[in-house]
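What follows is a short report on a single structure.
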Amino acid sequence: MADDYSLTFYTHPMSRGRIARWMLEEAGAQYDTVVMELGKKITDPEYLALNPMGKVPVIVHDGVVVTECAAICAYLADVFPDAGLAPPSSERGPYYRWLMFGAGCLEPAAINQGLGVEIAPEQEGMVGYRTFAATLDTLEWQLDKSPHIAGEAFTAADVYVAAQLGWGLQFGSIKDRPTISDYVERMYARPAHERAVELDDALAATLG
Ligand SMILES: N[C@@H](CCC(=O)N[C@@H](CS)C(=O)NCC(=O)O)C(=O)O
653 MADDYSLTFY THPMSRGRIA RWMLEEAGAQ YDTVVMELGK KITDPEYLAL
703 NPMGKVPVIV HDGVVVTECA AICAYLADVF PDAGLAPPSS ERGPYYRWLM
753 FGAGCLEPAA INQGLGVEIA PEQEGMVGYR TFAATLDTLE WQLDKSPHIA
803 GEAFTAADVY VAAQLGWGLQ FGSIKDRPTI SDYVERMYAR PAHERAVELD
853 DALAATLG
């Protein structure tokens, strides 16, 4: 990636923006941060022109708008190839699989778990993630076989999956799952994660 790019990161430090921040730090990107207000609906027309959902995070890279944390992770891995955060294109099967599992199964499963949504046995066939427990069992099944979610190497899929598992551990919805806690601990020990947490914690402190 040439040095003369523009990259703006719209976020709030107490949001999913933390996932994107971690990924920006892994990629070694230079970026400007714009803090959005959370707690009431974003109505700023300029922001809604970037993301009509009125949600954070958003990145704008040389005029390209990317929303959705999983997409932001994948996009940054592609535009900062020197960081080595995505496998070569011929070997991307497991990478795509687990990144999409993170967005399509883990994210809704974790949110519904937090909201107390119960999946009745007769509903499991319709629910893409089956149940929260099945989703975690499946991640453990993979993590028992490889040190990273998509295999031997760390990738952008680890940022996305580990961040969500980390929140589950933090808020107590994931308990007694040593494979998962060991994985999150290893991912969180990465210097880029530590930098990202420091930056977001400092930002949060300025917001009071
Ligand atoms: N699917 C989005 C979800 C983004 C999201 O829900 N962000 C929350 C903060 S964690 C937000 O902006 N909430 C403000 C609102 O909905 O008004 C992603 O993966 O980035």
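With the numbering used here, letter number 172 in the sequence shown gets 824, and the count goes up by one each step, no holes. The C-beta atom is built at its ideal place from N, Cα and C for all residues, glycine as well.
Could you give the DSSP three-state label for residue i: helix, strand or coil?
i: Thr663; result: strand
i: Gly756; result: helix
i: Gly669; result: helix
i: Val811; result: helix
i: Met675; result: helix
i: Val731; result: helix
i: Arg744; result: coil
How is the alpha helix (DSSP H) around residue i delimited, first residue to last?
i: Ile832; result: 830-840
i: Thr719; result: Element bounds for Thr719: not the alpha helix (DSSP H) but the beta strand (DSSP E), 716-719.
i: Ile763; result: 759-767
i: Ala786; result: 784-795
i: Tyr697; result: A quick correction: the sequence has Pro, not Tyr, at residue 697. 697-702 is the span of the alpha helix (DSSP H), which, as asked, contains Pro697.
Would the beta-carbon of residue i be found less than 7 Å away from any heavy atom of ligand 1?
i: Ile832; result: no
i: Ile801; result: no
i: Cys721; result: yes
i: Ile758; result: Residue identity check: residue 758 is Leu in the sequence provided, not Ile. Answer for Leu758: no, Cβ out of range of ligand 1.
i: Ile771; result: no
i: Val708; result: yes
i: Lys693; result: yes
i: Leu767; result: no
i: Ser825; result: no
i: Gly673; result: According to the sequence displayed, residue 673 carries Arg and not Gly. Outside the cutoff, so no.
i: Leu728; result: no
i: Arg842; result: no
i: Arg668; result: yes
i: Leu690; result: yes
Provide the residue(s) that pair with residue i in DSSP beta bridges, ordered along the chain.
i: Thr685; result: Phe661
i: His845; result: Paired residues: none, contrary to the question.
i: Gly803; result: His800
Locate the beta strand (DSSP E) running through residue i, then write down its first and last residues.
i: Ile711; result: 710-713
- Query: Would you call the region 691-704 and the region 738-758 in contact, with 3 or more CB pairs under 8 Å?
  - Reply: no
- Message: Taking 8 Å as the cut-off, does the region 742-758 touch the region 803-823 (at least 3 CB pairs, one atom from each stretch)?
- Response: yes
- Message: Pairs of beta-carbons, one from the region 726-735 and one from the region 815-826, closer than 8 Å: are there three or more?
- Response: no
- Message: Under 8 Å: do the region 761-770 and the region 830-837 share three or more Cβ pairs, one atom per stretch?
- Response: no
- Task: Evaluate the contact criterion for the region 838-846 versus the region 665-684: three or more CB pairs, one atom per stretch, below 8 Å.
- Result: yes
- Message: With a threshold of 8 Å, are at least 3 pairs of Cβ atoms found where one atom belongs to the region 776-796 and the other to the region 714-727?
- Response: Because the criterion of three Cβ pairs below 8 Å is not met, the region 776-796 and the region 714-727 do not touch.
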